[in-house]
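Read top to bottom, the protein sequences are chains A and B. For the record, in the first sequence the residue sitting at position 746 is 735 according to our numbering, with numbers rising by one throughout. For the record, in the second sequence the residue sitting at position 241 is 390 according to our numbering, with numbers rising by one throughout. Every residue, glycine too, gets a C-beta built ideally from N, C-alpha and C. Since we're looking at a predicted model, the values are computed, not measured.
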Amino acid sequence: MPGLGTSFGRGGATTFAMDMQHADCILIMGSNMAECHPVAFRWVMQAKTRAADPAALIHVDPRFTRTSAMADIYAPLRAGSDIVFLGALIRHVLEQHAPIFAKAERDLTARERFFRDYLVHYTNAATLIADDFQDTEELDGLFSGFDADKRKYDPTKWRYESEPPAEAPEEVTGEPGEGRPESFAARVAKLVGPRPTEDPSLEHPRCVFQILRQHYARYTPELVQQVCGTPPDTFLRVARTLVDNAGPDRTGAICYAVGWTQHTTGVQTIRAASILQLLLGNIGRAGGGILALRGHASIQGSTDIATLYNLHPGYLAAPSALAKHDTLVDYIDTETTPTSYWSNFPRFIVSQLKAWFGDDATTDNDYAYDYLPKSVGDHSHLPMFVAMHEGKIKGFFCIGQNPAVGGQNASFQREALARLDWLVVRDPYETETATFWKDSPEVNSGKLKTKDIDTEVFFLPAAAVPEMEGSFTNTQRLVQWHHKAADPPDDARSDIWFTVHLGRLLRERYAGSRLQRDRPIQALVWNYVDERANADWRIKDEPSAELILKEINGYEWTENKPLEGKPLASFGELADDGSTACGAWIYSGIFAPTAEHPGGHNHAANRSGDDWVALGWGFAWPANRRLMYNRASADLQGEPWPKEGRLAREHAQAGGPAMRGYVYWDAAAKRWSGLDVPDFVLTKPPTAKAQSDGVGLDYHSGTDPFIMKADGKGWLFVPQGLVDGPLPAHYEPYESPVRNAVYRQQTNPAALVWDIPGNAYAKVADPDYPHVLSTYRLTEHHTAGAMTRWLPWLAELQPELFCEMSPEHAQELGVENTGWVRIATPRGSIRARALVTGRIRPYRLKDRSVHHVGLPWHWGYKGVSTGDVANDLSALVGDPNVTIHEAKVFVCNVIKE
Amino acid sequence: MAEPVGFYTDTTVCIGCKACQVACHQWNDLPAGHGPPEDSPAGMRQTHESDLPRLSGNSYDNTGSFSDVNWRHVKFIEQFSADADRSEAAWLMMSDVCKHCASAPCLDVCPTGAIIRTEFDTVYIQEPACNGCRDCVSACPFGVIHMSERTGIAQKCTFCYDRLQQGLAPACAQACPTQSIRFGPLVELKKEAQVRLAQLHRQGLARAHLYGADDQILGGLNSFYLLVDKPEVYGLPSNPKVPSKSVVASTFWSIFTGLLVALGLLFQFRERTAVPPAEPPPPKEPRP
């Protein structure tokens, strides 16, 4: 989530699905929302069918999907050209805005004043960039700081220009025992750097606004036609609709999903959308925002309470041997942003160490910081499977995942599984990953022989959702509790049961050890089984999910009594002296005490809804806020913008609470008020001045809505936090049928590439692989199919793998509808039936026409409905920021079978 | 009698997710189908190794038609011109179901009275009273009713009669994420539909119209539709034939035939010495 995180401060959707009903325009791009998020799409349809002033719905996508069928405007675009389309939209908006800044104050209309105020005060448009920055315009597709040998950038070449010359930070090496509370606060204060230089007139050639104008000048509607294949009039209709629906009295939202992320330019594509929404004044606004649609029921939760190798729960960096993380003090110095809410970082990490290591975590041992292992490289999915393929990984727990079907270059991943010593698969069904050793395509073809595979495979039956307690964190950061309805059958157990009892057995094994290296496992707070809660169930040793929720929420630490202290009300109560324990600070408040439940109440189980903000339904992080950065829903003086004022009036008339806006400054009460939890210091007036030596939020003024950012601004230009450039620029997908028409640089220069046996790539414009291929999902199936292909009710609805192709393409190949075709890439080839449809079209580009084919990736060799594995075709190649693969676009050949 | 209820299906917001089909299977405990049944216009069943249907190739519709186990059927109509820019591009979707007609032909022809009108004004097959005669199958102008392969009894949407009795919405309407299938008192639904229709007309969608909301079609359909193309495009008859209209004539002929048979028997009894006919009776005509 660095796309949203670097732009706004937090790596989550800025808004929530129900708020879509108030949008005046919704752009869905990089998402097939109707098919993949049909429940959230309900609110999009409510906006579209609204009795008064219905919203315009725009879908931009390579395929005409069930989402396109609902859209007022469908704009086709060649897969992988999104940044050209978005860049041209950015250019269109910038050109609309430019004259505003040439006008005298008194000549501005209310609409122009809105854009001026939003840009100058809520974004970093006015900030100057240091003069050693060079744009892609000067370096033909590269930014300054690129090291071609290492294929890496030096991001210090994109930094802000500062007012006074930066003083060299005082060099202090961290020593164990230095982490006393007063020294943490003092250290953070020392980290405050010089204030960046600003030009509120936006005229300075090195201010972000002017850099943007130069950077996007070449992203014209004509370029869109040549690179994306989108008709110019369709593009202009989209651009005008977005602009017409932005301003003080109208807002528009953007919804995206993995159609944007699964690219070697995925993060930058989301950045482009962030820039667009900031320029349109749509972030922090009701009916605006960016809704990041997640692919699974709790995928947001799995980054919040991280299953990622490089993050701890609550988006705290995992200690790394490659960063200056040697001691707790080093780690805090490196990871703390002193001029934002992140100035509280020491409280977050100390409380987390306390939650995990309990009484072992003391001031004298840096709160057991050294108990944490340090990562030594990129251990995300793709590099992990490469290492497995090289025989470097011996054992693998596969839980809630089916890489034999869902992994990129799945054949490579199955071969990697065959080189493990042991593999544990937990799933309700025996998936392809559990049986790769006996019925995978490699075994059937003789490439692998069962007798030669030494991997010992343990298949453990997993409980289904209704058979356990727990929570889902959905796409809008909303945590919803689910109760246990029945015991799981036979030996099936919940994932919590497996993890907690595996930990228990390991702790028993190491109980007698006196080796220091075994101390972390002995010290773990691990007593999660609450036998009273299991009295009515067959399974008596099920851990309590609520007890874990309490640990996540945080509680007052009492010596020798882990998990027993009073739960915290919010992360505002966290301390950096070991007196509080908290598993994931961003979730703090989810188990806050109430008058009726002084020992803590599970707010995720709250079920008091309304049809909009619904603060009484579940719990949304942070602090139950539904719409983030909502300070921006009011003007500089804290008054609601006209749109929010109107919505609040209508909501009150319909029986909602009497509020004047979404979030606004209540001058009489001297505090921020509104329909949502204000995302701002509650009592900080809009007139508050920024304090240049202020620590944390004191550094920000009363008009800086982005409290997680070092300067309180939404970042149009990202001076730090990304590894492939401060601004989105178009690069072709790693495999593309055409040369880059925008710059000489063909692909993302920092893309992660694995040029290894078993993972061959096609050349640029490779005549053997002339077509563009996207993989995607259908409503009727879920991801790698383990929850749907075994279920006849769903399998009958989409019973077979198919390859969607245009009638023009089918005619060229002599293929008939439902006839068999073979699809090949340098990695492999599969068979599928052709689904010939006018919904797919050839793309006419600058000097050639390109066919696009689509493959759903749900099928595998197990289950009720079986078919070839579409991911056998895709490649191991990654975005440099997050190592996401590029399954949304690569090249292939198609022949008639 | 309770207030008459119905379905108003706004096809313009149907996203073709088929949640209604699955919810119907689940609530009514119906097994998955095997593709279009033999007696449906969609053609012969295509058996798959796993007993699932084959890929139909007909857009995203793989169940093909109503069947004894598919009481709901989501239709997909692709309307794309052949030019490179697809100057005409539309993908219509519609969740079809029993219309619960005001003058229900199936109810009219049912010889055993198994098909009844419930207190909710819906049309319901009482399974124990069905003798499997199939008259309702041919009477229905929408191809809704099919015979159960397991029990030989006529099958169709029950309007979730069991749920209605408990004050619950039918499973399909409950599951519909975009409120394309709306359930409620018929009077209310018709008002809602008129509002939506007027909105679409204001937006320039002149072809939008309601199907079955007035009494022109079989006296009115308790499951009526907002369509944006001709009914035939959705596989719906513009002016459905009512087989029950010929009931009077067929009744006359039945009585006439009966009289003839009686007359024949009378003669037979007179010729007590006559031997029984040597020929077996001719086989029954296969039903359409």
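Using beta-carbon distances, B:K167 counts as an interface residue toward chain A, with a partner under 8 Å. In this structure, the CA atom of A:G501 is about 57 Å from the CA atom of A:G69. The alpha-carbon separation between A:Q469 and A:G578 amounts to approximately 14 Å. The alpha carbon of A:E84 has as its nearest neighbour, out of A:L282, A:L269, A:R527, the alpha carbon of A:L269.
At a cut-off of 8 Å between beta-carbon atoms, A:R67 makes no contact with chain B. An exposed status is given to B:N388, since fewer than 16 other beta-carbon atoms sit within 10 Å of its beta-carbon. The Cβ atoms of A:W848 and A:L790 sit closer than 8 Å to each other.
Contact check between the stretch 771 to 780 of chain A and the stretch 849 to 869 of chain A: three or more CB pairs, one atom from each, fall below 8 Å, which counts as touching.
Between A:R493 and the set A:Q505, A:W515, A:L212, the nearest pair of CA atoms involves A:W515.
Beta-bridge pairing by DSSP links A:P629 to A:A623.
Membership of A:W782 in the alpha helix (DSSP H) is indicated by the continuous run 781 to 784. Taking all protein chains in view, the Cβ of A:L311 is surrounded by fewer than 16 other Cβ atoms within 10 Å, so the residue is classified as exposed.
Scanning chain A for C-beta atoms nearer than 7 Å to the C-beta of B:R356 yields nothing, as the closest lies near 16 Å away. Sixteen is the threshold: when 16 or more other Cβ atoms of the shown chains lie within 10 Å of the Cβ of A:A261, as they do, the residue is buried. Straight through space, the alpha carbons of A:Q199 and A:S434 are spaced by roughly 59 Å.
Boundaries of the alpha helix (DSSP H) around B:C173: 168 to 176. For B:G182, the nearest CB of chain A lies under 8 Å from its own CB, placing it at the interface with that chain. For the set A:G808, A:P183, A:C792, the Cα lying nearest the Cα of A:E886 is the one of A:G808.
For B:L204, at least one C-beta of chain A is nearer than 8 Å to its own C-beta. Assigned with DSSP and collapsed to three states, A:N737 falls in coil, not helix or strand. Ranked by Cα distance from B:D200, the options B:P180, B:V246, B:S214, B:N207 are led by B:P180. Sequence-distant Cβ neighbours of A:H590 in its own chain, meaning closer than 8 Å and more than five residues away, are F580, A581, P582, T583.
For B:I274, same chain residues with a beta-carbon under 7 Å away, outside a window of 5 residues either side, are A263, I264, A303, K305 in chain order. Using a CB distance cut-off of 8 Å, B:P326 counts as an interface residue toward chain A. Of the residues A:A40, A:E520, A:A235, A:M34, the one whose Cα lies closest to the Cα of A:D61 is A:M34. Interface annotation, B:H295: not in contact with chain A, CB-CB separation never under 8 Å. Annotated three-state conformation of A:K438 is coil, per DSSP.
In this structure, A:A44 lies near A:C14, with their beta-carbon atoms less than 8 Å apart.
A direct Cα-Cα distance of roughly 28 Å separates A:T4 from A:R202. Buried is the label assigned to A:F385, since at least 16 other Cβ atoms lie within 10 Å of its Cβ. Against chain A, the beta carbon of B:N211 has neighbours under 9 Å at E769, E785, L786, Q787, P788, E789, listed in chain order. Within chain A, P220 have C-beta atoms less than 7 Å from the C-beta of B:D234, given in sequence order.
Put simply, the stretch 461 to 477 of chain A touches the stretch 279 to 295 of chain A. At least three CB pairs are less than 8 Å apart.
Closer than 8 Å at the C-beta level to chain A, one finds these residues of the stretch 236 to 263 of chain B: A238, A239, W240, L241, M242.
Per DSSP, A:A524 has no beta bridge partner at all.
At the C-beta level, A:V394 and A:N860 come within 8 Å of one another.
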